[in-house]
Structures are given as C-alpha cells and as structure tokens.
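Data block below; observations after.
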Amino acid sequence: MTAETPEAMPGAGDDAALEARACDAQRRAYAPYSRFPVGAAVRMSGEVFDGANIENASYGLGICAERTAVFAAVLSGAHRLEAVAVCTEASPPSSPCGACRQVLLEFAPDPAAVTVTAVNPRGERRSWTLAELLPDGFSGRELP
Ligand code: THU
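Okay, so the sequence shown: first residue is 24 according to our numbering, each after it adds one.
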C-alpha cells in the first residue's frame, strides 16, 4: 500500500479497506472524454465489489462507477447493500450523482444504516448515510 492511499492517512474512515478498493478501481476507469476518473466499492451481502466509470464516444452511454459496482454485485447474487466508498480527484471529494443514489437505494434495506464515504487520493474524506443523500426516496416499498 502506498503512502497516499486513504487507508494510510490519518483520520481514515471506519472502512479503510473499502476506500482503498475504490481508489484502486479508480485507476481502471475509462474516462477519456470527461477526464474525471471515478472508482467505487460497495460492500454487499458481506462481500466487496468494485466499479469504475466507463465512458463512450456516444456520451450518453457512459455509466458511473457506483452503478458498475452495484451491478457487478447483483450479478454475483449479492443484494444487501451495507456500505459505499467513492474515489475521485475532486476536492472536496465528490458525492454520488442522483441516478446512482437511486440505484443504491434499490438495494439498501435500511438507508440510514448505509454509510457512503467519498475520498480523494490526497486523503480528504466526506461521509453521509444514504438516507441523508436521498431523503424520502422512491423505492419498491411504495409499489403495490
Ligand atoms: N461519474 C461517476 O462515475 N459517478 C458519479 O456519481 C458522478 C459522475 C462519472 C460519470 C462520467 O464518466 C464522469 O464521472 C463525469 O461526469
């Protein structure tokens, strides 16, 4: 582990391993158009899955890091979202977009118990619960 990874930083979050996975995944982002590589890691049903943004020359077809991570988890049969980490170069670290918040909510049995932590490789960190990021969100619980 190199000195600049968040887990080596003072004040590292409770889930340093998850943050390190997100920052590792950021290096595998495919973001030639925005030049804004994003890595994400989700802990779902006790396992960690990572993802990165993958862009396309047809811009609207790109997908965010958080969603690639959640979709990888679901493909492995993991449906219970427990924690999220996102790694970008932004300062302050940037939080998940609205579309990703909605996808995260789909798999969160208790959004108030899901911690979402945003970090950057300089060791800056912000965190919220998913309930704070998407208050009164729409979920399958509303459907008949
Ligand atoms: N992006 C993410 O991967 N996650 C977010 O929550 C916000 C935005 C990506 C999409 C696009 O590839 C790039 O960042 C710039 O918007």
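We put the CB at the ideal spot given by N, CA and C, even for glycine.
Residue pairing of residue 53 in beta bridges, as defined by DSSP: 77.
Secondary structure note for residue 109: its beta strand (DSSP E) is the uninterrupted segment 104 to 110.
Look at residue 61 here: in three-state DSSP terms it is coil, with no helix or strand label. Taken through DSSP and simplified to helix, strand or coil, residue 44 comes out as helix. If the five residues before and after residue 48 are omitted, its C-beta is found closer than 8 Å to the C-beta atoms of 62, 63, 64, 73, 74, 75, 88, 92, 110, all from its own chain and listed in chain order. Taking the Cβ of residue 85 as the reference point, at least one heavy atom of ligand 1 falls within a distance shorter than 7 Å. The three-state reading of DSSP puts residue 66 in strand, counting E and B together.
If you draw a straight line from the Cα of residue 157 to the Cα of residue 101, it is about 22 Å long.
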